[in-house]
Each structure stands twice: as C-alpha cells, then as structure tokens.
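Written out below as structure tokens is the structure these notes cover.
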Amino acid sequence: MPDITFIHFDGTEQGLEAPAGVSVMQAATAAGVAGIVAECGGSAMCATCHVIVDEAWADKLPAPLSNELEMLECTATERQPTSRLSCQIKLTAAMQWLVVRIPERQQ
Amino acid sequence: MNDALNIPELDIDPYSTENLLDPYPMHRRLREAGPVVRITPYPNVVVCSRHAEVHAVFNDHATFISGAGVGLTNFDTETPFRPKSQILEVDPPFHTQTRTVLSRILSPKVVMQIRATFTAEAESLVERCVEKSNSQGEIDGIHDLAQPYPLKVFPDAVGLGDDGRENLLIYGDMIFNSMGPRNELLAKSSARVSEVTAWIMERCRRENLRPGGFGDQIYQAADAGEITHELAPMLVRSFLSAGVDTTINGIGNALFSLAHHPDAYAKLHADPALARPAFEEALRWESTVQTFFRTAVRDCEIAGLAIPENTKVLCMLSSANRDPLKWPEPDRYEIDRRPSGHMALGSGIHGCVGQAVARLEGEVVLAALAKRVKRIEVAGVHSRRLNNTLRALETLPLRLVAA
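Residue numbers (my numbering), protein chains in the order written: chain A, 1 to 107; chain B, 1 to 403.
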C-alpha cells in the first residue's frame, strides 16, 4: 500500500506506509501523527482531521462530497483551495507518494 | 453447510437487571465468544460486541439499515411502541436531505458561536456547586451539576421556554427505554407518555420557539423547501429527545470517571486544556449510549458469517469501546489517551449529529471544574437509574475541594 508523507506545520516531514484500504486520517492516527485529531472518528462531523493536499495531487484525488464540503467551512485553520478532510480520502495504490500538509490548528 | 452453526450462542439477556447494572462482564463473554454471537432470549438477534464489526456494520448503511428501527423491535414485522424517528430511523435517500439540514444547524461553526454562553453557564453552575459543597459538605453530581447544565443550555439554544423542562427527562428516559424489550422499565417510564408527548409537541410548535434558535432554524429550512413543514416539529422533538438525556449522562459519567481516578483529575486540574480529551475518554470508558440496532436488509455476512435477511443486529457500542483488540488496556481510564474511533457517538451516516454540541458541553463543564476545584472526592455510594439503552446514574455524592 502507498507510502504517504505528512508535512507538519513547522515544516518537518513524516513518512509512513499506510495499511491497506484505510483513509489518510486512519493511517495518521494509527501511526500517531500529531496534528490529526479526528475527534469524530471518520464521519465527516468534526473538521479536526483537516489537511491541505499538495498541489501536484489536487486533481488526482476523487472530489469531495457535499457533506465534506460543508464541514470544510468549519475548519479551525482557514480552508485553502486544496483543503480536504483526511478521513474522506480513502487510500488506493494509485496514491503512492501522496503528500499532505497539516494545518496550524485543528481546534 | 449451514454457516449459522458457526455462530456461537450464549444464554445472555442484555436487559437483565444484573447486566444493566454492570454490563462489562457480559461484554467480555460476548467478545470472547466471537465476532458475532446469538443470544438465547432473542432468536432474531445477532450481537456484535467487538470494535471491528460494530464499526463495519455502522459504516455499511446500505446493508444494515436503520429504517426498521434502531431498537430491538423490527418495524417491518412488529408494531413499533412509538412512531419511528424521522432522522435516526430512516435511510437514504430520505435521510440525506434532513441530515444535511440538521448538520448545518449543529455544525462546528455554530458551536464556536455558542461557546461563550455555554462556558459562562458552566462556570456559574460550578461556582454554585462549590458553594453548596462548602456549606453542606457534598453535592449530588447528577442533580446539582450533570442534570441542570444540559437542561439549561441545550433547550435554551433550541429556543424552548423555561418552564416544565423536567418533562424532557421523562421523555428521554422513555425514548431510550423503548429501544429495548417491552419490560418493566419501559412500562414504568411510559406511564405518563401521552401527557409528556402532548407537552413536548406543544413546545415544538413554531410560535413557542425563540426566533433564531436551533428549533426555529428547522422551520426556516422548511420555509426554504429543504424539508417539509410536517417534518419540522418532529425534528425539533428529535433535538430534545436525543440532546438532553445523552449529555446529562455523558457529563454524569465523566464526573464518575474523574471522581474514581484522582490521579487523572490532578492532571486535569494542573492543565485544564485536558478537559476535552478527559471528556472524550469518559465517553469511551463509560459510554452513555450502550446499544443501537441495525437490520440486515438482505442475506449478508458479518466477519465471514452468514446473516439472514431481516436479522436484527445488536451493536454493543460500549463493548466496542473496551475491546482489547482495538484499545491497549481498555478497562483503564486514561485522560491522555487519544480515543479517536470510539463508538460512543456512533459512526457513519447516522453518527450523532449533535456531537459538536455534546463535546462542547462536556469540555466546558470539565474545564470550569478543573479551574475552580482542586479535588473531587467520592462522598458516598452512587446509585444507578436503569435504562434499556443508556448507562445512567441516579445519584453521585461528591465533595468538591475548592482550589
């Protein structure tokens, strides 16, 4: 399964190999990546797993559904053009080397 | 070949007094018996008690529907005790539009706007509790704190009038009892059902709601054509049935957790910013909503085991929250655990729509305590209020030692 990279707000990079069939959020929380809070556990209900997808990847991911778009209006750090909820990005083999940035605040 | 033979059966009644008082030994037996278990008293039910299967069932709403009721009764084959919830007990596509409206009214963004009011109410109530504890030697954590707080702030936010709010307690108790069998608990709690339901429906009328409150916003959504006008009062009622008893017990159970873990409380007192994770861990460790059901809409499988169409699937949320396959040392209350993925507020499309408000209430009450109170001491033996669905305390004698 894909290797993905999280770039923390201070610029440090953290790579991990995600297990099969999980979301970016699940991969992050399983590996203890700081800055992904994910209070609601993946139901697109809390906006605390906000990530900013690297521009090179922006068009390659399936588009967000309406419930995710609404929740993206509720992020603690202002939403950016490539903002996503990491719980709604289901990892596939095609996402090898996906890069996402973690915003300054989740709450 | 009969896969059903691979599903173990235990002679367990989840609704026995013994299991309602202390469900944890039952949970352990069920989890150890297998991912899916049949229980002798309810032949049309299978039980999922491990985290993986509870999560999987909740996240497959196409196979495991809510429209046949999220309690023990199968609405497709039996007469419901009460009309079904128009949000919790409906399926897509009908569910989707309504859910969108409710999500917007209770969104994290809205919660930021009510935060200051909710915090001020929590601080003044905690102050009154500290004064009472000083003068009388103890408070009742339930009647003095866990109950009055949600009963004040949430109906205020919905836009309800002040008087008669104790009816909400009777109503909530009845709703959550009605998801179990038609036992003594349900009979007792529904003794005043028609009177209390009439009161609540009157209060849910538009002219009785404060303009701009959560309730009025539902009517505005009806004006905008997003939902029907017939649905609006029922959704206001859903706010009140789902949003009061749950948070009361969430806060009560958090007080119980902290009173019995003085080291954890000391950490919280030293760093009130831990209020939110402390509440979250209490949701996991002592979950308010113990169980919800789904119904298999066709022959299907759970964990590779065959489940016939129309089977009721009993999902034990609080057991999933203490599943050792998911959580290290699950029986320990650890204030700095990150229990993301716990099932106390559900998961998937029916996940608690008010969860941002619920977390706000829990957080600001615990933060107010953390700042004002040095120690919480157990001042006597607690008692439980048994309910078919909720884990609830009747009394919780506490001594608050001011900082």
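All C-beta atoms, glycine included, are put in the ideal place defined by N, C-alpha and C.
Residue interval of the alpha helix (DSSP H) (run including residue i)
i	result
B/A232	L231 to A242
B/T429	Outside the displayed span of chain B (1 to 403) sits residue 429 of chain B, for which this structure offers no information.
B/M316	Taken as a continuous stretch (DSSP letters only), B/M316 belongs to no alpha helix (DSSP H), being part of the beta strand (DSSP E) at K312 to M316.
B/T291	Note, B/T291: premise wrong, no alpha helix (DSSP H); beta strand (DSSP E) at T291 to A296.
B/P108	P108 to Q136
B/V357	Q355 to R372
B/R284	A275 to W285
B/R99	F94 to I105
B/A266	P262 to A270
B/I302	Looking at the DSSP string, B/I302 is not in any alpha helix (DSSP H); the run it does join, the beta strand (DSSP E), is C300 to I302.
A/L91	Taken as a continuous stretch (DSSP letters only), A/L91 belongs to no alpha helix (DSSP H), as it is neither H nor E.
B/S85	Per DSSP, B/S85 belongs to no alpha helix (DSSP H) and is neither H nor E.
B/L386	Counting along the chain, B/L386 falls outside any alpha helix (DSSP H), though it belongs to the beta strand (DSSP E) covering S383 to L386.
B/S407	In this structure chain B extends from 1 to 403, so residue 407 of chain B is not present and cannot be described.
A/M25	V24 to A30
B/N177	E166 to N177
A/E73	Looking at the DSSP string, A/E73 is not in any alpha helix (DSSP H), and its letter there is neither H nor E.
Residue j beta carbon less than 8 Å from that of residue i
i	j	result
B/R31	B/I7	no
B/D76	B/A68	yes
A/P64	A/R84	yes
B/I349	B/H55	no
A/A27	A/I4	yes
B/S49	B/S319	yes
A/G42	B/H342	no
B/L235	B/N388	no
B/F256	B/R182	no
B/I227	B/Q97	yes
B/R337	B/E281	yes
A/S66	A/V24	no
B/V353	B/I65	no
B/D245	B/D299	no
B/V126	B/R372	yes
B/V57	B/M316	no
B/A367	B/P272	yes
B/A278	B/A254	yes
B/P150	B/T40	no
B/N134	B/K312	no
B/L390	B/L345	no
Under 7 Å from the C-beta of residue i: neighbouring residues of chain A
i	result
B/P80	Simply none; closest approach about 26 Å.
B/G348	S43
B/G351	C40, S43 and M45
Opening and closing residue of the beta strand (DSSP E) in which residue i lies
i	result
A/H100	Checking the sequence shown, residue 100 of chain A turns out to be Val, not His. Per DSSP, A/V100 belongs to the beta strand (DSSP E) from L98 to R101.
B/P150	Taken as a continuous stretch (DSSP letters only), B/P150 belongs to no beta strand (DSSP E), being part of the alpha helix (DSSP H) at P148 to V158.
B/P397	P397 to A402
A/Q109	Residue coverage of chain A in this structure runs from 1 to 107, which leaves residue 109 of chain A outside it and unanswerable.
A/D3	D3 to I7
A/I52	H50 to V53
A/L85	S83 to L85
B/E329	Run containing B/E329: none; DSSP gives neither H nor E here.
A/S43	Premise fails: A/S43 is in no beta strand (DSSP E) and is neither H nor E.
B/L305	L305 to I307
Contact belief for residue i with residue j at Cβ below 8 Å, rounded distance in angstroms
i	j	result
B/Q290	B/P23	6 Å
B/R115	B/L360	6 Å
B/L168	B/P155	7 Å
B/R205	B/I170	Their Cβ separation, rounded to whole angstroms, is 19 Å, which puts B/R205 and B/I170 out of contact at 8 Å.
B/R399	B/A379	4 Å
B/G215	B/G159	5 Å
B/K109	A/C74	4 Å
B/L268	B/I335	6 Å
Under 7 Å by beta carbon: chain B residues contacting residue i
i	result
A/G21	The contacting residues do not exist; A/G21 stays about 12 Å from chain B at best.
A/E73	K109
A/A38	S340
A/A47	P108
Interface partners of residue i on chain B, CB under 8 Å
i	result
A/E68	Per Cβ cutoff of 8 Å: no residues; A/E68 is ~11 Å from chain B at best.
Cross-chain neighbours of residue i in chain A, by beta carbon under 9 Å
i	result
B/R104	E70
B/E280	E39
B/R206	By Cβ distance, chain A contributes nothing, its closest Cβ being about 25 Å from B/R206, past 9 Å.
Neighbouring residues, chain B, relative to residue i (Cβ below 9 Å)
i	result
A/T29	R338, S340 and G341
Contacts that residue i makes with chain A (C-beta to C-beta distance below 8 Å)
i	result
B/A356	M45 and C46
B/R322	Simply none; closest approach about 16 Å.
Could I get the ranges of all uninterrupted alpha helix (DSSP H) runs contained in the segment 15-74 of chain B, with 4 residues as the minimum, in chain order? 17-21, 24-33 and 51-58
What are the uninterrupted segments assigned as alpha helix (DSSP H) that are 4 or more residues long and contained completely in the segment 198-231 of chain B, given in chain order? 214-223
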